[in-house]
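Enquirer:
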Amino acid sequence: MFRSLTSIIYLSLYTVTLTFTNRAPQRSTGDILDRLQEADIVDDIIQRAPYEPLEVHHGNWTVDFGNELPIQAFDMQPQVRWPAPNGTMYTLVVVGPDVPHRDKPEQRDWLHWLLGNIHNNDTTSGESRADYIGIERPLYQPGTHRIVYLLYKHQDNQEVFFFASVIKGRKTMYKRSFFSPIFFARLHELIHPEAVNFCYVVVP
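In this text, residue positions in the sequence shown follow this note's numbering: the first is 2, and each later residue adds one.
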């Protein structure tokens, strides 16, 4: 019994330590804006840069405004966190704007994940409009690609009616191409994203 209790305490401490060390570093508003502009995300993917960072993890890998993640990290659906007052509602969008290649993004933006009508910051409460899918090859050609995470706050904290049909798994992959965050936000009156993050993935 003592050994079991010791194991539970050790596991709890390990979990707390892992959670703490896995958090992204704090970044200033100016730093966030500079990194978004350097990556051509402002004007290219969104019209106005949000000031809030979005905390994103793929397993033990942390997304941090332009760092590089291994391709296998995207096999795992991201864990996304943000501070949310009670009673607020959000929509989360994850896109790859460089499909099939950044020099010739003929299928941009490619929709990796769309989760709507999230209550507060509980992603399990969200309405899945496009199931999460990671890096698809040969769709993603060799080279460096951006992956962008956008969080939109609903106006008046009301539920949004989504016009497009639900995308399930890999059954209708063609529907993921040519997704425009700017057009999507305007269509659903979400205006500008509330928080953002992005990273790079190198496809061999």
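We treat Cβ as the ideally placed atom computed from N, Cα and C, and that holds for glycine.
Return the chain-ordered list of same chain residues with a C-beta closer than 8 Å to the C-beta of D45, the five sequence neighbours on each side being excluded.
Expert: As a position in the sequence shown, residue 45 is number 44, starting the count at 1. Counting only Cβ-Cβ distances below 8 Å, and skipping sequence neighbours, we find P98.
Enquirer: Taking the alpha carbon of H58 as the reference point, which residue from F162, N198, V204 has its own alpha carbon closest?
Expert: Stepping through the sequence shown from its first residue, residue 58 is reached at position 57. Residue N198 is the option with its Cα nearest to H58.
Enquirer: Nearest chain D C-beta to R138 closer than 8 Å, yes or no?
Expert: Here there is only one protein chain, and chain D is not present.
Enquirer: So within the region 30-79, which uninterrupted beta strand (DSSP E) runs reach at least 3 residues, ignoring any that extend past its ends?
Expert: List check, beta strand (DSSP E) in window: 56-59, 62-64, 68-70.
Enquirer: Note down, in chain order, each residue of its chain lying with its Cβ closer than 8 Å to the Cβ of V167, except the 5 sequence neighbours on either side.
Expert: Within the sequence shown, residue 167 is the residue found at index 166, counting from 1. Excluding sequence neighbours, V167 sits near S129, R130, A131.
Enquirer: Which residues does DSSP list as the beta-bridge partners of S129?
Expert: In the sequence shown, residue 129 corresponds to position 128, counting from 1. In DSSP, S129 forms a bridge with L116.
Enquirer: Give me the DSSP bridge partner(s) of A196.
Expert: To locate residue 196, count along the sequence shown from 1; it is residue 195. According to DSSP, which records beta bridges pairwise, A196 is partnered with E53, L152.
Enquirer: For Q156, which residues of its own chain have a beta-carbon under 8 Å away from its beta-carbon, when the five flanking residues on both sides are left out?
Expert: Here residue 156 is taken as the residue at index 155 of the sequence shown, counted from 1. Within the same chain, Q156 has close Cβ partners E190, L191, I192.
Enquirer: Counting C-beta neighbours from all protein chains within 10 Å, is the total for T22 16 or more, i.e. buried, or is it exposed?
Expert: For the purposes of this step, residue 22 is identified with residue 21 of the sequence shown, where counting begins at 1. Model confidence at T22 stands at a pLDDT of 43, short of 50, so the residue's coordinates are unreliable; what they give is reported in the following sentence. Exposed, since its Cβ has fewer than 16 Cβ neighbours within 10 Å.
Enquirer: Since I believe R103 is in contact with G144 (beta carbons under 8 Å), could you give me their beta-carbon distance rounded to a whole number of angstroms?
Expert: Position 143 of the sequence shown holds residue 144. Position 102 of the sequence shown holds residue 103. About 6 Å separates the two Cβ atoms, so the contact holds.
Enquirer: Within its chain, find whatever has a CB closer than 7 Å to the CB of H120; leave out the 5 residues flanking it on each side and keep chain order.
Expert: Position 119 of the sequence shown, counting from 1, holds the residue named residue 120. Hits under 7 Å: M90, S126.
Enquirer: Quick one: residues in its chain with C-beta nearer than 8 Å to the C-beta of G88, no 5 flanking neighbours on either side, listed in chain order?
Expert: In the sequence shown, residue 88 corresponds to position 87, counting from 1. Closer than 8 Å at the Cβ level, and outside the excluded window around G88, lie N121, N158.
Enquirer: Report the rounded CA-to-CA distance for D65 versus C200, giving the unit in angstroms.
Expert: One-based indexing of the sequence shown puts residue 65 at position 64. One-based indexing of the sequence shown puts residue 200 at position 199. When rounded, the distance between both Cα atoms is 6 Å.
Enquirer: Could you check which residue in A50, Q27, D41 has the C-alpha nearest to that of L34?
Expert: Counting from one through the sequence shown, the residue named residue 34 turns up at place 33. Answer by Cα proximity: A50.
Enquirer: Assign E56 to buried or exposed, taking buried as 16 or more other Cβ atoms, counted over all protein chains shown, within 10 Å of its Cβ.
Expert: Residue numbering aside, residue 56 sits at position 55 when the sequence shown is read from its first letter. Classification of E56: buried, given that the 10 Å Cβ count is 16 or more.
Enquirer: From Q27, W111, V95, pick the residue whose C-alpha is nearest to that of Y150; which is it?
Expert: Taking the sequence shown and counting its residues from 1, the one referred to as residue 150 is at position 149. Ranking Q27, W111, V95 by Cα distance to Y150 puts V95 first.
Enquirer: In this structure, how does DSSP classify Y91 when only helix, strand and coil are distinguished?
Expert: Position 90 of the sequence shown, counted from the first residue, corresponds to residue 91. Three-state result, Y91: strand.
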